[in-house]
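**Student:**
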Amino acid sequence: MLVMAAVDAGPRATFSYIWTIENFSELTYIDLKSPSFVVKSIGDTLWYLHINEYVGYFCCIETNDFSKKKSGGIDFEFSFLGADGSPLISKTSSEPRLFLNLMNWATFLERWAQFIPNNTLTVQCRMWLREREIPTDVCYARTRLKTFTRSFIWAIEDFSALHSSAAEDFRNVTPDERKVYPLKPVTDKGPFLALILYLKQNSESEDVYVRFLLEKGRDYAFSYDLSVLDANGKVIVSKVERHRIEYGYAILPFSPLISKNKLIANKNLFLPNDTLILRCSFEVCTGVFSNEIEFFTPNVSSVVEEEKYFHSAAAEADDSLEFEEYFVK
1 MLVMAAVDAG PRATFSYIWT IENFSELTYI DLKSPSFVVK SIGDTLWYLH
51 INEYVGYFCC IETNDFSKKK SGGIDFEFSF LGADGSPLIS KTSSEPRLFL
101 NLMNWATFLE RWAQFIPNNT LTVQCRMWLR EREIPTDVCY ARTRLKTFTR
151 SFIWAIEDFS ALHSSAAEDF RNVTPDERKV YPLKPVTDKG PFLALILYLK
201 QNSESEDVYV RFLLEKGRDY AFSYDLSVLD ANGKVIVSKV ERHRIEYGYA
251 ILPFSPLISK NKLIANKNLF LPNDTLILRC SFEVCTGVFS NEIEFFTPNV
301 SSVVEEEKYF HSAAAEADDS LEFEEYFVK
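With the UniProt record's numbering as the guide, the letters of the sequence shown map in order to residues 1 to 329.
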């Protein structure tokens, strides 16, 4: 069902583009483009919204299929909308590059319940011409993400028997220096996943490392939350990693999870029966399930483009696995 947000033209007539993104979660890696459109009262420029998270910022919103000449004389306002369609945060721009950073990731998480009602993010872009009036027009678009989520507990028994490794690369860690947790692929064609845990001696401490290995995961978005639990199920330490996978395989980086000394110092609580307990939740976004404009007024044109998914046909055609020993097929 199409949910209409309130369109307030304010002192000037505006074009409003309201974009709803469904199947959103705290682990969702953001790099998405909206359906394309043309605003006839402004010109023949093909527009779309692009939201992308960068280091230090939650989201950069831009319209970028245009020349600077075509973008001149246009003011833009970008907003995140609440469940009732009203703006929760808004910023305006008249710069030729036409993009804005609305907020950082920490602030977004603090207001998660407001910004993501029912796992849905709604973005609004409003446009004005400075030199002349335009009709008040509106366009509603919807994107549905194709995501897979899993959570599991990994109990590493006989933890004290695990040898420390001096290897800089996990691929050089010997079998007696590592523990492997293979996961079933989320689809028939991948990506194949595995967790590799090992101890590494650093300059001042011996630390627990966990690497997430993905293969045949080209152009997938992937995020995970990894926690160490005590005997009562309480989180001792937790870390989140978020990545866009752009190669045939990826070894997701992870800083040291926890020091061995910290675990041993309180081993009855942190290592019950010599067992290290990890909890992992992860999300894989394999592409856009649907991306379409649902409604527009007469001065707006919908532009249908060929669907593009994160994975490539070339990657799917190659069934070989470089790290086959780590995976469940």
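Glycine residues also receive a C-beta, built at the ideal position from the N, C-alpha and C atoms.
Note that this is a predicted model, so its numbers are computed, not measured.
Name the DSSP bridge partner or partners of Q124?
**Tutor:** As a first step, residue 124 must be located in the sequence shown, where it is residue number 124. BP columns for Q124 point to I18 and S79.
**Student:** State the DSSP-derived secondary structure class of N261, mapped to helix, strand or coil.
**Tutor:** As a first step, residue 261 is located in the sequence shown; it is residue number 261 there, counting from the start. The answer is helix: DSSP assigns N261 an H, G or I state.
**Student:** Identify every residue that forms a DSSP beta bridge with Y29.
**Tutor:** The count along the sequence shown starts at 1 and reaches residue 29 at position 29. Answer is none; Y29 lacks a bridge partner.
**Student:** Since I believe E292 is in contact with R150 (beta carbons under 8 Å), could you give me their beta-carbon distance rounded to a whole number of angstroms?
**Tutor:** Here residue 150 refers to the residue found at position 150 when the sequence shown is read from its first residue. Here residue 292 refers to the residue found at position 292 when the sequence shown is read from its first residue. Not confirmed; about 28 Å, so no contact.
**Student:** Specify, as a first and last residue, the run of the alpha helix (DSSP H) that F270 falls within.
**Tutor:** As a working note, residue 270 is residue 270 in the sequence shown. First-last of the alpha helix (DSSP H) with F270: K267 to F270.
**Student:** Under 8 Å, with one C-beta from each stretch per pair, do the stretch 116-136 and the stretch 265-283 reach the 3-pair mark?
**Tutor:** Touching, no.
**Student:** Assign R130 to one of two classes, buried (16 or more other C-beta atoms within 10 Å of its C-beta) or exposed (fewer than that).
**Tutor:** Here residue 130 refers to the residue found at position 130 of the sequence shown. R130 should be labelled exposed.
**Student:** Checking 8 Å against the spacing of the C-beta atoms, do F77 and R126 come in under that value?
**Tutor:** One-based indexing of the sequence shown puts residue 77 at position 77. One-based indexing of the sequence shown puts residue 126 at position 126. Checking the sequence, you will find Glu at residue 77 rather than Phe. In this structure, R126 lies closer than 8 Å to E77 by Cβ.
**Student:** Is L229 buried or exposed, if buried means 16 or more other CB atoms sit within 10 Å of its CB?
**Tutor:** Residue 229 sits at position 229 when you count from the first residue of the sequence shown. With 16 or more other Cβ atoms within 10 Å, it is buried.
**Student:** Thinking C-beta only, is I196 closer than 8 Å to V180?
**Tutor:** Numbered from its first residue, the sequence shown carries residue 180 at position 180. Numbered from its first residue, the sequence shown carries residue 196 at position 196. Their beta carbons are under 8 Å apart, which means V180 touches I196 by this criterion.
**Student:** What's the gap between the Cα of F37 and the Cα of V288?
**Tutor:** For the purposes of this step, residue 37 is taken as residue 37 along the sequence shown, with counting starting at 1. For the purposes of this step, residue 288 is taken as residue 288 along the sequence shown, with counting starting at 1. About 18 Å.
**Student:** Touching or not, the stretch 199-206 and the stretch 253-271, by the rule of three or more beta carbon pairs under 8 Å?
**Tutor:** Taking 8 Å as the limit for Cβ pairs, the verdict is that the stretch 253-271 does touch the stretch 199-206.
**Student:** Taking the beta strand (DSSP E) that A221 falls in, what are its first and last residues?
**Tutor:** Indexing the sequence shown from 1 puts residue 221 at position 221. Start and end: Y220 to L229.
**Student:** Alpha helix (DSSP H) containing S24: first to last residue?
**Tutor:** Stepping through the sequence shown from its first residue, residue 24 is reached at position 24. The question names Ser, yet the displayed sequence has Phe at residue 24. Counting along the chain, F24 falls outside any alpha helix (DSSP H), and DSSP gives it neither H nor E.
**Student:** Pull the bridge partners of A167 from the DSSP assignment, please.
**Tutor:** As a working note, residue 167 is residue 167 in the sequence shown. Answer is none; A167 lacks a bridge partner.
**Student:** Going by other Cβ atoms of all chains shown within 10 Å of its Cβ, with 16 needed for buried, is P191 buried or exposed?
**Tutor:** As a first step, residue 191 is located in the sequence shown; it is residue number 191 there, counting from the start. Looking at its Cβ environment, which holds 16 or more other Cβ atoms inside 10 Å, P191 is buried.
**Student:** Please identify the residue among P117, I51 and V284 whose C-alpha is closest to the C-alpha of F212.
**Tutor:** Along the sequence shown, read from residue 1 onward, the residue named residue 212 stands at position 212. If we check each option's Cα against that of F212, V284 comes out closest.
**Student:** So the candidates are L88, T297, N118 and S94; which of them puts its Cα closest to the Cα of T107?
**Tutor:** For this step, residue 107 is matched to residue 107 along the sequence shown. Cα-wise, what sits closest to T107 is L88.
**Student:** Exposed or buried, what is residue 337 when buried is set at 16 or more other beta-carbons lying within 10 Å of its beta-carbon?
**Tutor:** There is no way to answer for residue 337, as the model of the chain reaches only from 1 to 329.
**Student:** Look at the alpha carbon of F80 and the alpha carbon of V303, and state the distance between them as a whole number of angstroms.
**Tutor:** Here residue 80 corresponds to residue number 80 of the sequence shown, with the count starting at 1. Here residue 303 corresponds to residue number 303 of the sequence shown, with the count starting at 1. So the two alpha carbons sit approximately 24 Å from each other.
**Student:** Going by C-alpha to C-alpha distance, which of I74, Y48, Q114 and L102 sits closest to W128?
**Tutor:** Here residue 128 refers to the residue found at position 128 of the sequence shown. When only C-alpha atoms are compared, the closest one is I74.
**Student:** Rounded to the nearest angstrom, what separates N273 and E157 at their Cα positions?
**Tutor:** Taking the sequence shown and counting its residues from 1, the one referred to as residue 273 is at position 273. Taking the sequence shown and counting its residues from 1, the one referred to as residue 157 is at position 157. Whole-angstrom Cα-Cα distance: 8 Å.
**Student:** Applying the 10 Å Cβ sphere with the 16-neighbour rule, what's the burial state of P185?
**Tutor:** For the purposes of this step, residue 185 is taken as residue 185 along the sequence shown, with counting starting at 1. It counts as buried.
**Student:** Buried or exposed: where does S16 fall if 16 or more other Cβ atoms within 10 Å of its Cβ makes it buried?
**Tutor:** To locate residue 16, count along the sequence shown from 1; it is residue 16. Buried.
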